[in-house]
Each structure stands twice: as structure tokens, then as C-alpha cells.
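Engineer: Residue numbers (our numbering): 115 to 629.
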Amino acid sequence: MSLLALSSVAFAANNTINTTADVPGYWEKDKEQRIFCRNSTWTDIAIFYFGNYVAHAATIFSEPGQSFLNTCITTITALLLPGVGVVRGARAILSRAILADTPLEVAARAGALCAVIKVPLLDPNDSDNHDTWEQDYIDFDPEGPLEDGASNKELHLPSSWNLETAKPIAQALTVIHGIHRLPQGYRLIVLPRDTKFENKSSRNRNFLKKGWKNTKDLFLERNLNHIHLTSSQVLCGSNFAKAAISAAQLVYALATLYRTQSYQVKDYGYAAYGLSVIPYAWMSLINLAGNLMCPRYQSMYLVRSPALDTLEKLFKERSSGGDYSNVFWVDGTIGRIDSDKETILENTYLEKRKQLWKFVNRLKWLNPEQKPKFSNTFLAMCEVACAFSWPKQYFATLTLFIAFAPFIAVAGLTGFQPGHISQPYQNIVMLMWILFGAVIGPILAHGGESAYEPRPILGGITQEGRKGRKTWVFGVVAATITVLYSAPAIVGFVIVGYMMEQDGVCSEIPEKVAV
115 MSLLALSSVA
125 FAANNTINTT
135 ADVPGYWEKD
145 KEQRIFCRNS
155 TWTDIAIFYF
165 GNYVAHAATI
175 FSEPGQSFLN
185 TCITTITALL
195 LPGVGVVRGA
205 RAILSRAILA
215 DTPLEVAARA
225 GALCAVIKVP
235 LLDPNDSDNH
245 DTWEQDYIDF
255 DPEGPLEDGA
265 SNKELHLPSS
275 WNLETAKPIA
285 QALTVIHGIH
295 RLPQGYRLIV
305 LPRDTKFENK
315 SSRNRNFLKK
325 GWKNTKDLFL
335 ERNLNHIHLT
345 SSQVLCGSNF
355 AKAAISAAQL
365 VYALATLYRT
375 QSYQVKDYGY
385 AAYGLSVIPY
395 AWMSLINLAG
405 NLMCPRYQSM
415 YLVRSPALDT
425 LEKLFKERSS
435 GGDYSNVFWV
445 DGTIGRIDSD
455 KETILENTYL
465 EKRKQLWKFV
475 NRLKWLNPEQ
485 KPKFSNTFLA
495 MCEVACAFSW
505 PKQYFATLTL
515 FIAFAPFIAV
525 AGLTGFQPGH
535 ISQPYQNIVM
545 LMWILFGAVI
555 GPILAHGGES
565 AYEPRPILGG
575 ITQEGRKGRK
585 TWVFGVVAAT
595 ITVLYSAPAI
605 VGFVIVGYMM
615 EQDGVCSEIP
625 EKVAV
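#1: Quick one: grab the DSSP three-state call for Glu177.
#2: Which residues mark the beginning and the end of the beta strand (DSSP E) in which Ile400 is found?
#3: Answer yes or no: do Tyr411 and Gly199 have a C-beta to C-beta separation smaller than 9 Å?
#4: Taking 9 Å as the cut-off, decide whether the C-beta atoms of Ser413 and Ile290 are in contact.
#5: Are Tyr163 and Val610 closer than 9 Å when you measure CB to CB?
#6: Just how far apart, CA to CA, sit Leu425 and Arg295?
#7: Which of the three DSSP states, helix, strand or coil, is assigned to Pro306?
#8: Span of the alpha helix (DSSP H) holding Val220?
#9: So the candidates are Phe515, Val230, Ala601, Cys620; which of them puts its Cα closest to the Cα of Leu193?
#10: Considering only the alpha carbon of each residue, which of Leu399, Arg307, Gly388 lies closest to Ile159?
#11: Return the chain-ordered list of same chain residues with a C-beta closer than 7 Å to the C-beta of Leu399, the five sequence neighbours on each side being excluded.
#12: Between Thr528, Gly404, Lys232, Ser453, which lies nearest to Tyr377 when the distance is taken from Cα to Cα?
#13: Could you tell me whether any Cβ in chain B is nearer than 9 Å to the Cβ of Pro420?
#14: Report buried or exposed for Ser621, applying the criterion of at least 16 other Cβ atoms within 10 angstroms of its Cβ.
#15: For Arg223, I'd like the list of residues in its chain whose CB is within less than 6 Å of its CB, leaving aside the five on either flank, ordered along the chain.
#16: I'd like the list of long-range same chain contacts for Val220, defined as Cβ closer than 6 Å, with 5 residues on each side in sequence excluded.
#17: Report the rounded CA-to-CA distance for Leu545 versus Arg152, giving the unit in angstroms.
#18: Return helix, strand or coil for Val233, following the three-state DSSP convention.
#19: Tell me which same chain residues have a C-beta within less than 6 Å of the C-beta of Gly404, skipping the five on either side of it?
#20: Any idea if Gly655 is buried or exposed, counting beta-carbon neighbours within 10 angstroms, 16 or more meaning buried?
#21: Could you spell out where the alpha helix (DSSP H) holding Ile187 opens and where it closes?
#22: For a quick check, are the C-beta atoms of Ala552 and Phe521 less than 9 Å apart?
#23: Quick check: the Cα distance between Leu406 and Val201, rounded to an integer number of angstroms?
#24: Would DSSP call Phe515 helix, strand or coil?
#25: So which of Phe607, Ile516, Phe509, Arg450 has the shortest CA-CA distance to Thr309?
#26: Kindly indicate which three-state DSSP category Phe150 falls into: helix, strand or coil?
#27: Buried or exposed for Gly526, please, with buried defined as at least 16 other CB atoms from any protein chain shown within 10 angstroms of its CB.
#28: Rounded to a whole number of angstroms, what is the C-alpha to C-alpha distance between Lys288 and Trp547?
#29: Looking at Cys228 and Leu302, is the spacing between their C-beta atoms short of 9 Å?
#30: Can you have a look at Asn461 and say buried or exposed, based on whether 16 or more other CB atoms are within 10 angstroms of its CB?
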């Protein structure tokens, strides 16, 4: 492009060549708009892909404790369905973590804190909850003391439980600091974002001052203390680097859209490959705000609870002076929740388990050995939305509207009018690419996450337990849905490359240098 502009200036100065048609490798595409093009190279196409798609997906807000594997899964799904990234950014914005009063409350709003709870046992004779999968999820011990009439609220270790058999907490997807094993019947659960803590400090009602103070502290890394040195601060950092990259990507995307308006819409209509950048630019904008509103946590952190206190006491009594630190080890707990909040967490766990059982029952008609069908996966996706998103219907509906904005933008820019050289298959694929990213992406983000890390229940399903509890079914469903509804994006990437090869790299020559 720079060569084209310099050549035009030189021609204007010498007044000897009238068009860039005399420049080898360039041709005149539109005489009225003074647009000249050259052949696209593989580097042009690669730069377009990386700058307008891959780099946007890489700036998605990271959940607290998000592992490398989890990051890869999220980045790939957001690359194919941008609505996934929109949900992540919107969740960070709505957390308003940076406006909390204390570092602990900032972490709670960000979803970075978890607590140990005793699993509330259900009545095994309850027909609504009794199925062949029940034993895998509630850890019901028919030989334990609860069957003899003990209260569900009583904290205990089953008499037959062996300390050496404590299962390691699965941290392949979420990194958890401070604990690595839990006995049967205990779970880790993420604290609600509005959690308040004992011995909290005085509250600052000025939101602007709170936001500025917390932002300044994060930028200056004032609260990056080691967790074992203090009970009121956690290891966190700012997301300013991601925010800066998002801002740069937005500028690059706007430049792409500006060039698109001049000639691509005329040729390709709503199938113009430059318009496919809009969902990814929108995703970057949402995550730019999300990264500024919520700090980054490399791990989940453990908050002390009555269940954890009792569990530690029982371990000491059972150990009889032995060293079981390699079996049950807790280090660096922060803050404390009371028994009332613990009861709320237990009820949350119970509600999530009930939703999970309903979802499993709804999936019984799905046979993983059969070939996946479009209708089956669509119904399964709806079941996921009903089972997991219904309690959060406000947020789910809001993010769906937010993710739908790029579709509206394309409609406003083109009126969904086809171009004079676009092919029907190009129109269909490009439209489905934008539509699926706006609709399927948020639904998959809400329901699909439960297939591999069913928050707020965290890490309690061990690596061995994942196999026994048939969680591969969730993986099969999520993977099938993702692959089927990502097909327009995959084909769309191919079409974009074909269009760029056919269209070339074009630039508009300003009138003042044209001769």
C-alpha cells in the first residue's frame, strides 16, 4: 500500500503517467472511486487472519484460576463462536469487582474465592432425585452414620473412610491454591459474588474513589503480596496488558471496516469479508471493558469456613499423632465465612446437583454411539440452556442481546443486500457465521461450561471420579454442538481467503495526487 501511495505521488510530480495501470502488478478496480489493487500474497491473508480473528480471541477475559488447557478451550471456541467471548467480558463487567471495598470483596466479586462445605445429603427414597446416576453425584454412604438418624448438618468422616484414600482435586481446568485433597462427602464451591466477610473494614460509599484507588493499586502492584503473609489480600494483578491489546485490535478492526465500506460492500454486499471482523471487534470491545473492571487471579483461593475447621479437627483426631499433611493439606486461607453463609452455599450445591440430574435425565434419549444429528444437538443445546441458565435467565438474556449487536450492525451497513459479484453460497455461509456466533455462542458459553467445569461446584470431581461419573457424556454433547455450529465459521475462514485472493489488496488513491 505504501508503495502504491509513493508511486502515485511520484507520478503526480512528473505528470508523465496517468494511472497506476502502468505500474507492474497493479490494476484499476474502480475508476470512479480511484481504487487500485495488487495480487494478495499468503502473508497478506495470514496477517488479516491473525489481526482480525486470532488476536481478538486471545484478549478474552480469563476466569480466576483458569488453567492453560481451559484457556486453549475458551480461545478456540471464541474464535469459532465470538459470542463465547462476549459472555466472558460481560460477566467481568457486571461483576464490578474494581468497585468493591476491600481486596477480599474484590476477589469475591471476581469469583476468585471458594470454600469447603459438607455435602448436604438427600433422601435416597426421593423419587425426583433417585436414578442410576445418583450415587455418583451425592456420595451417599449407606453404611455411614447418617443412615442412623444423624442430622444432615452434622460434619463427620465415615467410620470406614481411610485417610490415604483422599482423592486429589482435579486442577486441569482450574488452579486452586491452598488445598489439594478432600475426603469423600466434601466439596469446594465458589463463593457468591456478593459475599461479605467477618471482621470487614469500614465501607467507602464513594464509587469513583473506590474504583480509582483499586485501579491505582492494581496498576502499581500494591496488593501483589504472597497469600501466606496476610489474611486480607490475595495474589492478583491487573489486566491492563490485555486491555491495551484489545484497544489496539479495535483500531486495526476499524481500519479494516473503513476499507470495507469503500468497495467491498458494493461487490459482495453483506457477504463482504471485511464485515466478518465486526463480531470479533465487538468481542474485543466488551472484553476491553471487562479487563478494566475485573482484576486477574492466577489461582482460586480458599476461604475458611466452619466445615473446614471441623474437618481439620477430625483429621487431627483420626491421625492419632501421625503426619497426614501429604493427604490433607491446607495453606494460606484468607478471610472467613460464618455458618449462615455456609448454609447458603450448601443450598446452592443442592440446587446445582438437582439441575444436573434433570439434565442427565433429559440426555437419556441421546445415544453417543449413534451418528450426531443436527436436530438432536439443537435439542440438547436447549436442554443445557434450561438446566443451567434458567436460574440466571436475566444475565443469559442480557448477554444474548449484547452478542446480537454485530448482526444488527451488518444489517444497518448493508440492509442485507447481496453484492453484484457475490455467490449464493458466500451469502449463506457468511450470514450463518455471524448469526451462529451471536446466538449459539452465548448459549454454549452458559451451558457448555458445565460440561468441563460445572461452577460454582469446583474441583470436587476428581480425575478418577470424572471417569466413574460418566462426565464424558457432557464432553461428547459439548464437543458435538461446538463442531456442528462452528462449521459456518470454519467454511467462512476459507471463503475469506478465497475472496482476498480474488479481490487482491486494494487502496484508494486520494484525489489530490491523482492525475
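Built from N, CA and C at the ideal position, the CB exists for glycine as well.
All values reported here derive from a predicted model rather than from experimental measurement.
Structural biologist: In terms of the structure at hand:
#1: Glu177 falls in the coil class under three-state DSSP.
#2: Taken as a continuous stretch (DSSP letters only), Ile400 belongs to no beta strand (DSSP E), being part of the alpha helix (DSSP H) at 392-407.
#3: No. Outside cutoff.
#4: Taking 9 Å as the Cβ cut-off, Ser413 and Ile290 qualify as a contacting pair.
#5: A contact, by the Cβ cut-off of 9 Å.
#6: Distance between the alpha carbons of Leu425 and Arg295 is about 12 Å.
#7: Coil at Pro306, not helix or strand.
#8: Boundaries of the alpha helix (DSSP H) around Val220: 217-224.
#9: The shortest Cα separation from Leu193 among Phe515, Val230, Ala601, Cys620 belongs to Ala601.
#10: The shortest C-alpha separation from Ile159 is found at Gly388.
#11: Cβ neighbours of Leu399 beyond the five flanking positions: Leu364.
#12: The option with the nearest alpha carbon to Tyr377 is Thr528.
#13: The structure shown contains no chain B; it holds only a single protein chain.
#14: Label assigned to Ser621: buried.
#15: If we look at Arg223 and ignore the five residues flanking it on each side, its Cβ neighbours are Ser209, Ala211, Ala214, Arg307.
#16: Correct list, in chain order: Ala211, Ala214.
#17: The C-alpha of Arg152 is placed about 28 Å away from the C-alpha of Leu545.
#18: Per DSSP, reduced to three states, the secondary structure at Val233 is coil, with no helix or strand assignment.
#19: So the qualifying residues of the chain are Phe175, Gly203, Ala206, Ile207.
#20: Outside the displayed range of the chain (115 to 629) lies residue 655, so it cannot be described from this structure.
#21: Ile187 -> alpha helix (DSSP H) spans 182-194.
#22: Going by beta carbons, Ala552 and Phe521 fall inside the 9 Å limit.
#23: Those two C-alpha atoms are separated by around 15 Å.
#24: Phe515 falls in the helix class under three-state DSSP.
#25: Nearest neighbour of Thr309 by Cα position, chosen from Phe607, Ile516, Phe509, Arg450, turns out to be Arg450.
#26: Taken through DSSP and simplified to helix, strand or coil, Phe150 comes out as strand.
#27: A residue is called buried when at least 16 other Cβ atoms come within 10 angstroms of its Cβ; Gly526 does not meet this threshold and is exposed.
#28: According to the sequence as given, residue 288 is Thr; it is not Lys. Going from the Cα of Thr288 to the Cα of Trp547 covers about 30 Å.
#29: Yes, these two residues count as a Cβ contact at 9 Å.
#30: By the neighbour-count rule (16 or more Cβ atoms within 10 Å), Asn461 is not buried but exposed.
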